[in-house]
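The C-terminal residue of the sequence shown carries number 409 in this note's numbering, and the numbering is unbroken.
Virtual Cβ for every residue (Gly too), placed ideally from N, Cα, C.
One structure below.
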Amino acid sequence: MVPMEAGKATTSSSHIMLPPPIPHSMFSSRLPTDLEPNEFTTILQAQKAAGVRILDLTQSNPTEASFTYDFLQTGNIPGHIPGRYEPSAQGLPEARDAIRRYYQGNRHGSISAEDLFLTAGTSEAYGFLLKLLTEPGDEVLIPAPSYPLFDLLATLENVTPVRYALKLNEEGRWRIDFRSLELMISSLTRAIVVVNPNNPTGSYLTAEELVRLNELCRIHDLALIVDEVFLDYINPQDGQKPFSVITNRGALTFTLSGLSKILALPQAKLGWIHVEGPAALKEGAKARLEFIADTYLSVGSMVQQAAPALLTCQQEIQSQIMARTRANETALRSATTLPHLHREGGWYAILQLPDHITDEECCLELLERHSLIVHPGFFYDFAESNRIVVSLIVPPEEFSRGLALIQEYLESRG
Ligand SMILES: Cc1ncc(COP(=O)(O)O)c(C=O)c1O
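Now the structure itself:
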């Protein structure tokens, strides 16, 4: 989202001070030229300034969604700054071993802690990997629809994000459109990003898709970057058997995850990269990643020391989130006038609007008329303009109130 305060004139009680003109060449072209708030943000700011109560159906910050975090209070979790600094490029061995146990305990796969690199969140992991794999001007393939942050992360590394399509199949499941993916591969392409399960479609990678991705990576010398932050959040009512790519050796594979979703602790700022693949490539990647990680040494010691105890608490928070997403999805299903797409996993629901209402006008009008926030599909690069996205971790009472407002709005539009 556009930073709300960016580009605003500063005011004092007696006069208006305009920001001094800035020569364009002062700042990098990696940054957006227009940081002004858009129409949506302007309306939202005005409503907030007027004290209007906003109902936010896009809330996906778990720490603001009325979950209980009793496990943080148990006293078993180290919370002090250690007196000694023991820098470790890959991350503390105890923390990496706890992550290894997480993969083993959840039957995601058997890995070595030696193949893990800790980062300050998953977003930083992308930065490290783009430094590892690309030259300025190179391209990475990213899925569409998907999480908008990838675009920004690539651009900030001087890399061009190129979208490949996910398409709904006859069974209503989102799958990689390999025709689109292959068309997008050029001599500048360095990596394919896959999100398993994808945000916001909730679709998991299938075994057949992984075989084809490995083949494309082999033919074109590409790396696979697989973001599995939502891996554990399977929809139990879906018949699929999702899997992690953590042990994939068919291509140089970087698997990303972190505590922001596994433990619903984005503030912990602990993510990781796991490296797997053909031996020579894997060793080459690890040596260079170690160099990058050693340059930053960005992960705080406190969270690394707390990681083993924190990771034993996975079920306490995940059971609450699973119950919440289930309850909200049930509410959505009973709102029969709100068609929505099938969900294999993740935290989001995709609602389908009647063809005569676009996502953009729907979002603006919901905000203007009902002070309700939903995400337009274009935010995630949906090809269709009649989709809106809501978070399934919103507290149930608010979620139901929001659904009722969307229904009221759609009825008013006929
Ligand atoms: C698919 C996906 N990847 C990565 C992230 C960022 O994770 P982190 O908080 O670990 O940087 C998010 C955040 O919502 C996400 O949805």
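Query, Result
"Burial state of Ile76 (16 or more Cβ within 10 Å)", "exposed"
"Any non-hydrogen atom of ligand 3 closer than 8 Å to Thr117 Cβ", "Questions concerning ligand 3 fall outside what the structure shown contains, since the ligands it does hold are ligand 1."
"Distance cut-off 8 Å: Leu327 Cβ against heavy atoms of ligand 1", "no"
"Chain-order list of residues whose beta-carbon lies under 6 Å from that of Lys162 (same chain, five-residue window excluded)", "Asp172"
"Proximity to His335 [Cα-Cα], best of Pro195, Leu219, Phe66, Asn243", "Pro195"
"Residue environment, Val206, which counts as buried when at least 16 other CB atoms sit within 10 Å", "exposed"
"Secondary structure, alpha helix (DSSP H): runs of 4+ residues fully inside the segment 109 to 182", "117 to 128, 144 to 151, 173 to 179"
"Reference Ser23, options Val221, Ser61, Thr150, closest by Cα", "Thr150"
"Residue range of the alpha helix (DSSP H) that includes His365", "354 to 365"
"For Leu276 and Ala1, the rounded distance between their alpha carbons", "With a pLDDT of 32 at Ala1, under the threshold of 50, the modelled position of that residue is not reliable, and no figure is offered here."
"Backbone secondary structure at Gln347 - three-state DSSP", "strand"
"Three-way DSSP call (helix, strand, coil) for Val(-3) in this model", "Summary for Val(-3): the model assigns pLDDT 34, below 50, so the residue's position carries little reliability; its value from the coordinates is reported in the next sentence. Here Val(-3) sits in coil by DSSP."
"9 Å Cβ cutoff met for Cys357 and Ile368", "no"
"Lys277 (DSSP reduced to helix, strand or coil)", "helix"
"Backbone CA spacing between Tyr199 and Ala246 [nearest angstrom]", "19 Å"
"Beta bridge counterpart(s) of Gln218 as assigned by DSSP", "Checking the sequence, you will find Ala at residue 218 rather than Gln. DSSP output for Ala218 lists Ala186 as bridge partner(s)."
"Own chain residues within Cβ distance below 8 Å of Asp410, not counting five before or after", "Residue 410 falls outside the range modelled here, since the chain spans only -4 to 409, and no answer is possible."
"Residue burial classification, Val47 (beta-carbon count within 10 angstroms, cutoff 16)", "exposed"
"Counterpart residues of Asp51 in DSSP-defined beta bridges", "Ile368"
"For Ile268, the first and last residue of its enclosing beta strand (DSSP E)", "266 to 271"
"Cβ neighbours of Leu50 in the same chain (closer than 8 Å, five flanking residues each side left out)", "His365, Ser366, Leu367, Ile368, Glu393, Arg396, Gly397, Leu400"
"As assigned by DSSP and simplified to three states, the class of Ile229", "strand"
"Check: Gly74 C-beta below 8 Å from any heavy atom of ligand 1", "no"
"Distance between Thr331 and Arg408 (C-alpha atoms, nearest Å)", "17 Å"
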